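Step one of this worksheet: look at the structure below.
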Amino acid sequence: MNALIQTTTQAFEFKFGYKTNIVVQAPGRVNLIGEHTDYNEGFVLPCAIDYQTVISCHKRSDDLVRVIAVDYDNQQDEFWLDSPIEKHPNYRWANYIRGVVKHLKKYANNIHGVDFTISGNVPQGAGLSSSASLEVAIAKMFQILYDLPLDGNQLALIGQEAENQFVGCNCGIMDQLISALGQTQHALLIDCRSLEARPVSIPKDFAVVIINSNIKRGLVDSEYNTRRQQCEAAAQALGVKALRDASLTELKNIETTLDPIVFKRAHHVITENERTLKAAQALVNGDYKLLSKLMAYSHISMRDDFEITVPAIDYLVEIIQGVIGEQGGVRMTGGGFGGCVVALVPKDKIDSVKTVVSDNYAKNFGFKEDFYVCTPSEGAHAICL
16 MNALIQTTTQ AFEFKFGYKT NIVVQAPGRV NLIGEHTDYN EGFVLPCAID
66 YQTVISCHKR SDDLVRVIAV DYDNQQDEFW LDSPIEKHPN YRWANYIRGV
116 VKHLKKYANN IHGVDFTISG NVPQGAGLSS SASLEVAIAK MFQILYDLPL
166 DGNQLALIGQ EAENQFVGCN CGIMDQLISA LGQTQHALLI DCRSLEARPV
216 SIPKDFAVVI INSNIKRGLV DSEYNTRRQQ CEAAAQALGV KALRDASLTE
266 LKNIETTLDP IVFKRAHHVI TENERTLKAA QALVNGDYKL LSKLMAYSHI
316 SMRDDFEITV PAIDYLVEII QGVIGEQGGV RMTGGGFGGC VVALVPKDKI
366 DSVKTVVSDN YAKNFGFKED FYVCTPSEGA HAICL
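With the working numbering, letter number 308 in the sequence shown gets 323, and the count goes up by one each step, no holes.
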């Protein structure tokens, strides 16, 4: 992170002509288990990772917002808070910022302008929530600069509103919530209905390993929305507010009346909620054999019921499972159709996992993986320079 701080503070002085010592960061995340459960008001078990968006910033006396995106060739955007905030005609990255500011204004009308520079190292397009990291960092920046009475849940909701209503991606709340609330060396068991979050300790002799397949997730937006509609159809057929409220018995009772595809989608969500609650308890109990089994079943369910994995991802899960056995867990994580595999790996097995992946993945699938060894990290906060 120090390199990001240096990059943003130097860019700030160069572009704006004065110095600042105010730095804010918000992390990306990986979800250990609980896939496609968040928008069904269910349970998820993510952790924040030590890859983040970093902002150097300073408040202004007027209502002008000026931002430099260091990672996009120092592209600049500026807009006035006292004018209607519209989408940027050219820069997609700018819409995340404009969207957060527009929705933040609904909760806080006493904000003024800001100069800031942004850089980040959360891999983009890998399902590690680079966009949520950016949204939460922006909201946190305004909260700190203007001493706004907003807690982590509210910052997360502002980020989600911006992405849903301004950027136009119909995401759940998990990504923003873990970026805002993450805790060092812990995952959070999040109830996506109440937004209650319970920390679950991850032992220090385990690492969270993320392997990016580098298969671009071309179908993910349209397929995500289709899955969401199928889940809503199942909830309606069951007469419940969301699939979180349904049991497997209730689902099986109406199986003959449901479209078989809709049944499979609901079967995944209902069983995934059960697995997520059990996985959190398994971590608490140090029962890694059960955790391994639950993560494996989660992957099988994503493959067979939710149908969001691809052969390369299935292969990565298989070869990593062969190395770690029952001493950790591995599964696909994220929206699906490519993206990443997450593994909870004993630290003494990291090199073996890295070797089996580098020796076999590229030669079988023609893509070179990216390998990230992560530490569960703190959520959005200011950094004192």
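Each residue gets a CB set at the ideal place from its N, CA and C atoms; glycine is no exception.
None of the values given here were measured: they were computed from a predicted structure.
Residue i, buried or exposed, once every other Cβ within 10 Å from all chains shown has been counted against 16
{"i": "G354", "result": "buried"}
{"i": "T272", "result": "exposed"}
{"i": "G337", "result": "exposed"}
{"i": "L306", "result": "buried"}
{"i": "N110", "result": "buried"}
{"i": "T264", "result": "exposed"}
{"i": "F29", "result": "exposed"}
Contacting residues, own chain, Cβ-Cβ under 7 Å from residue i (five flanking each side not counted)
{"i": "I159", "result": "V39, A397"}
{"i": "W108", "result": "A84, Y87"}
{"i": "N185", "result": "N179, N240, R243"}
Minimum C-alpha distance to residue i - residue among the options
{"i": "E176", "options": "V69, Y312, G114, L196", "result": "G114"}
{"i": "N379", "options": "F386, I334, T348", "result": "I334"}
{"i": "K76", "options": "Y33, H127, D319", "result": "The displayed chain sequence assigns Ser, not Lys, to residue 76. The option with the nearest alpha carbon to S76 is H127."}
{"i": "F94", "options": "E247, E265, R81, R44", "result": "R81"}
{"i": "V357", "options": "E341, G349, L119", "result": "G349"}
{"i": "F321", "options": "E238, H103, L163, K74", "result": "E238"}
{"i": "D97", "options": "Q90, H103, P104, K117", "result": "K117"}
{"i": "E247", "options": "F278, N268, D236", "result": "F278"}
{"i": "V388", "options": "Q25, I64, Y54", "result": "I64"}
{"i": "F157", "options": "A281, Q139, V129, G174", "result": "V129"}
Residue i - containing alpha helix (DSSP H), residue span
{"i": "S228", "result": "Premise fails: S228 is in no alpha helix (DSSP H) and is neither H nor E."}
{"i": "S148", "result": "145-160"}
{"i": "F278", "result": "275-300"}
{"i": "I205", "result": "No alpha helix (DSSP H) contains I205, which is instead part of the beta strand (DSSP E) from 201-206."}
{"i": "E393", "result": "Premise fails: E393 is in no alpha helix (DSSP H) and is neither H nor E."}
{"i": "E176", "result": "167-176"}
{"i": "D374", "result": "365-380"}
{"i": "K304", "result": "303-319"}
{"i": "S194", "result": "189-196"}
Opening and closing residue of the beta strand (DSSP E) in which residue i lies
{"i": "H396", "result": "396-399"}
{"i": "S216", "result": "212-216"}
{"i": "F94", "result": "90-95"}
{"i": "T68", "result": "61-74"}
{"i": "F386", "result": "385-389"}
{"i": "Q40", "result": "37-46"}
{"i": "F131", "result": "129-135"}
{"i": "R346", "result": "344-348"}
{"i": "P361", "result": "355-361"}
{"i": "R81", "result": "79-84"}
Alpha-carbon spacing of residue i relative to residue j, whole angstroms
{"i": "L79", "j": "D92", "result": "11 Å"}
{"i": "H201", "j": "A18", "result": "25 Å"}
{"i": "V215", "j": "I133", "result": "31 Å"}
{"i": "V332", "j": "G343", "result": "12 Å"}
{"i": "N136", "j": "A195", "result": "17 Å"}
{"i": "P218", "j": "V360", "result": "11 Å"}
{"i": "V182", "j": "P42", "result": "20 Å"}
{"i": "I328", "j": "S228", "result": "7 Å"}
{"i": "V151", "j": "L172", "result": "9 Å"}
{"i": "R44", "j": "S144", "result": "6 Å"}
{"i": "D366", "j": "L47", "result": "20 Å"}
{"i": "S209", "j": "E56", "result": "8 Å"}
{"i": "A141", "j": "D190", "result": "13 Å"}
{"i": "T370", "j": "Y376", "result": "10 Å"}
{"i": "I193", "j": "C62", "result": "7 Å"}
{"i": "L119", "j": "A297", "result": "38 Å"}
{"i": "G340", "j": "T291", "result": "20 Å"}
{"i": "P164", "j": "A123", "result": "9 Å"}
{"i": "I20", "j": "Y66", "result": "13 Å"}
{"i": "K74", "j": "C399", "result": "16 Å"}
{"i": "A257", "j": "D319", "result": "22 Å"}
Proximal residues to residue i (C-beta, below 8 Å), its chain only, five neighbours per side dropped
{"i": "V372", "result": "I226, L331, I334, I335, E384, F386"}
Sequence-distant residues of its chain with Cβ nearer than 6 Å to residue i (five each side left out)
{"i": "I153", "result": "I112, V115"}
{"i": "K293", "result": "L309"}
{"i": "A212", "result": "L196, L203, I205"}
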